[in-house]
Structure formats: C-alpha cells, structure tokens
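461 is the number that my numbering gives to position 101 of the sequence shown; each next residue is one higher, with no gaps.
Here is the structure we will look at.
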Amino acid sequence: MELTAPRRLLMPREVAADDARYVGSYDGWVVGVTQIKVCSELGGRDYFKYFDGECFLVNAFSQRVVRLPRLCRTSYIFGHFSCKILPVINGSGDVHIKVNGLYTISPHKVVLSASPDSGSKYIVAASYASTNLALWQSGMTSWHICTDVPIDDGPNDIAFYQGKLYMFHGFIPRLLAFVLDEDDCGIVISRVEQCVTEPLLPLSMEEDGSLNCNMVVWRGNLLLVLRYYDSYFDDHKIEVEVFALDFSTNPYGLTRIHNFDGDCIFIGSGSSKSFPAGLHDGVEGDLIYFVPEYWSPCDRFVYNMRDGTMRPFSAKLLPLEGHVDDNSPVWLFPSE
361 MELTAPRRLL MPREVAADDA RYVGSYDGWV VGVTQIKVCS ELGGRDYFKY
411 FDGECFLVNA FSQRVVRLPR LCRTSYIFGH FSCKILPVIN GSGDVHIKVN
461 GLYTISPHKV VLSASPDSGS KYIVAASYAS TNLALWQSGM TSWHICTDVP
511 IDDGPNDIAF YQGKLYMFHG FIPRLLAFVL DEDDCGIVIS RVEQCVTEPL
561 LPLSMEEDGS LNCNMVVWRG NLLLVLRYYD SYFDDHKIEV EVFALDFSTN
611 PYGLTRIHNF DGDCIFIGSG SSKSFPAGLH DGVEGDLIYF VPEYWSPCDR
661 FVYNMRDGTM RPFSAKLLPL EGHVDDNSPV WLFPSE
C-alpha cells in the first residue's frame, strides 16, 4: 500500500518559525505554537525560561492566519477574575473553571468545533498537562481554563461532538462530557458528566499493560478507537478495538464496530477523521491509519478492521515548514 507522494507546505512569513510545532488541524487549517523566552531573577541573577507563547491558526492552502491569545499569562485583569466549581455528574470529583486568571498552557492537542471558513462562531479547545483544558472563542482576549479534571495523568483525547466537548482518558477508562454555553465573558462550561462506566480493558491485558485512546466521528457516530499494549517496551504487542457510543442510555452504552462499510479512518495526535476510501489515491477501505503521536510516539502502522492484521505505514511523512518532530506529525485534511 502506498499513499500519494507528500509535498511540503510553506507557512506564511508572519508565522513561520524554526521552533514552531503543530498540535492540531481541521480541514485545511493547522494549529501552530511557538515559544517565548521569559527572563526572571533569582538570587540576584537573571535566568531564562522558555514557555509556549504564540498560538495561531493558519490555512495551509489560502495562507490565511488567525491569531489566538498567548498561551502564557502572568497578570490578572483587576476585578474580572472568577472561579467556579462544578461537580462531575454520574461520577466523582469536581472541576474548577477559571476566567481571566493566570495560566501557562503547553498544549499537546488542540481541536476546533468548526472550520474558521464556515462563518460560524467556532470554539477552540486545548488539552494540556493531562488533567487541564483551555477554551477560546472569537471575541475573547484570554483563554478560559478548566483544571483538576478528575482523571489520572496519562493518555487522553478530546473531541467536539453535537455541541459538547468530550474528554476520554485511557489509564482508568473514563469519558467526560462538557456542556458548553456562552455568557458575557465568552464560552463557558456549564455542566460536566461522566458518560461511560462499562469496563474497556480486555480480560487478556497483562498486569503491566496500558491503553491509549482516540475519538473520531464516523457517519454521525462518535467512535472510541482503543489500542491495548501488553507492556511499555518498544517490542510490545498491540490489540485494536473500536466502539460506537450509544447515547440512548445514561450512562452511555458501547457497541463494538467490526468494519467501516468501506470507509477508512486516520488517527493522529493533532486530529482524527473518517473518509470514504475513494476520496484519496492509495487509501483502502476498512483500514485505520496510525501515525506517531504525543502518547504513542512509536506507533506507525495500518490496522485492517476486517481481519485484525497490521502492517507498516509506508508513506514518508513530510511536516509543515518549521521544526516539527517526526514523532508528532499532524494529519492535514483539505476541505472536500
């Protein structure tokens, strides 16, 4: 299996940087992050720290750029800071929602609710530090922060689906839904609920095994794509399972998926998407294409849903211009 030969895409000069990394995509748009150097004083001596600073959206084909608020904020807006605590419905623990506060965000994945070309008021959500979320919507001058999400450190994924933001955690499988509303400050989280309580670990998993997860929308269904590893070493064995969420029950149920009716799915750190196989040369149906990502830097293979076989992913990966580690490529999906 060979995909069409890749080509390198050049970024507009205003956002091109050697230290740029790309952490998300939506259709032809990618989400970029660059670093800033901050000087601090300790013991009478200056020292420097590097933080993720600039964040931007760029259309890799039209070259249009949308700048988002900085990812590092060190001062309050006097009289405008607020914090509220929301309980997790159907689960345990609370989350803390902070508006106009201090934050340092280093996102490993950023997702959009819609394309910036759509004309709608799209939302941007960033996942960072395993248990934190950051939200932004056009018109906002800073990120709204959700901290202390009651999950352990480890693999997680976020996705928008039918007006809600979902967060799935892999070590102790848990799916949370964040209900989003708007107020005078912009986008806000009004409710958090745990959605799935069924066990997702196979009976055959080894004691030192692990689980990674991704979410993707396929034919109107929200799918959970799970990878089970029998160890943390490079020669580990992998088992792949796919489930569709059943929203007719509370908590949600799970239905095992055995094929995609000829469609295919692309899984990556910055984005995941389903496609009819005929839309792209070299793409075959009922396959899942995995590339290295933040939580699974060694995975680069194609999984066949029909017979459960795996084979190497042979396409050479060419990143966007800028410093993009080959261990975290981002899928780019031009508008259909």
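Note that CB positions come from ideal geometry on N, CA and C, so glycine has one too.
Small disclaimer: the values here were computed from a predicted structure and weren't measured.
Worksheet item: Is the stretch 464-483 in contact with the stretch 627-639, if contact means three or more CB pairs nearer than 8 angstroms?
Response: yes
Fill in: Simplified DSSP state of L584, which is helix, strand or coil
Stepping through the sequence shown from its first residue, residue 584 is reached at position 224. Reduced to three states, the DSSP call for L584 is strand.
Worksheet item: Looking at the structure shown, is A489 part of a helix, part of a strand, or coil, going by DSSP?
Response: Counted from its first residue, the sequence shown places residue 489 at position 129. Coil, per DSSP.
Worksheet item: Is I549 near V556, with beta carbons less than 8 angstroms apart?
Response: For this step, residue 549 is matched to residue 189 along the sequence shown. For this step, residue 556 is matched to residue 196 along the sequence shown. In this structure, V556 does not lie closer than 8 angstroms to I549 by Cβ.
Discussion item. I'd like the span of the beta strand (DSSP E) that includes M575, first residue to last.
Written reply: Taking the first residue of the sequence shown as 1, we reach residue 575 at position 215. Segment 570-578, the beta strand (DSSP E) holding M575.
Fill in: Simplified DSSP state of L370, which is helix, strand or coil
Here residue 370 refers to the residue found at position 10 of the sequence shown. It is coil, neither helix nor strand.
Discussion item. List, from N- to C-terminal side, the beta strand (DSSP E) runs of 3 residues or more that fit wholly inside the stretch 418-452.
Written reply: 425-428, 442-449
Fill in: Reference R616, options L583, R430, A376, closest by Cα
Position 256 of the sequence shown, counting from 1, holds the residue named residue 616. R616 has its Cα closest to that of L583, out of L583, R430, A376.
Fill in: Residues near Y488 in its chain [Cβ-Cβ closer than 8 angstroms; skip 5 each side]
Counting from 1 along the sequence shown, the entry for residue 488 is found at position 128. Result list for Y488: I465, S466, P467, H468, A494, in chain order.
Discussion item. Please report the straight-line C-alpha distance between I396 and A474, rounded to a whole angstrom.
Written reply: Residue 396 sits at position 36 when you count from the first residue of the sequence shown. Residue 474 sits at position 114 when you count from the first residue of the sequence shown. The straight-line gap from Cα to Cα measures roughly 28 angstroms.
Discussion item. Need the endpoints of the beta strand (DSSP E) that T507 sits in, please.
Written reply: Sequence index remark: in the sequence shown, residue 507 carries index 147 (1-based). Unbroken beta strand (DSSP E) run through T507: 504-507.
Worksheet item: In the structure shown, what three-state DSSP assignment does L639 receive?
Response: As a first step, residue 639 is located in the sequence shown; it is residue number 279 there, counting from the start. Three-state result, L639: helix.
Worksheet item: Is DSSP giving K633 helix, strand or coil here?
Response: If you number the sequence shown from 1, residue 633 lands on position 273. K633: strand per DSSP, three-state reduction.
Worksheet item: Mapping DSSP to helix, strand and coil, what is R660?
Response: As a first step, residue 660 is located in the sequence shown; it is residue number 300 there, counting from the start. Note: R660 maps to coil in three-state DSSP.
Fill in: Beta-carbon proximity list for T501, same chain, < 8 angstroms, skipping 5 on both sides
Position 141 of the sequence shown, counted from the first residue, corresponds to residue 501. Once the five neighbours on either side are set aside, the close Cβ partners of T501 are P429.
Worksheet entry | Same chain, Cβ closer than 8 angstroms to V455, five either side skipped, listed in chain order | Indexing the sequence shown from 1 puts residue 455 at position 95. The residues are I445, L446, V448, C506, T507, D508, V509, P510, I549, V552.
Item to complete: Go ahead and pull the three-state DSSP assignment for K481.
Response: Translated into positions along the sequence shown, residue 481 becomes position 121. Note: K481 maps to coil in three-state DSSP.
Fill in: Proximity winner among R424, C432, D378, L472, relative to K633 (alpha-carbon distances)
Counting from one through the sequence shown, the residue named residue 633 turns up at place 273. The residue with the shortest Cα to Cα distance from K633 is L472.
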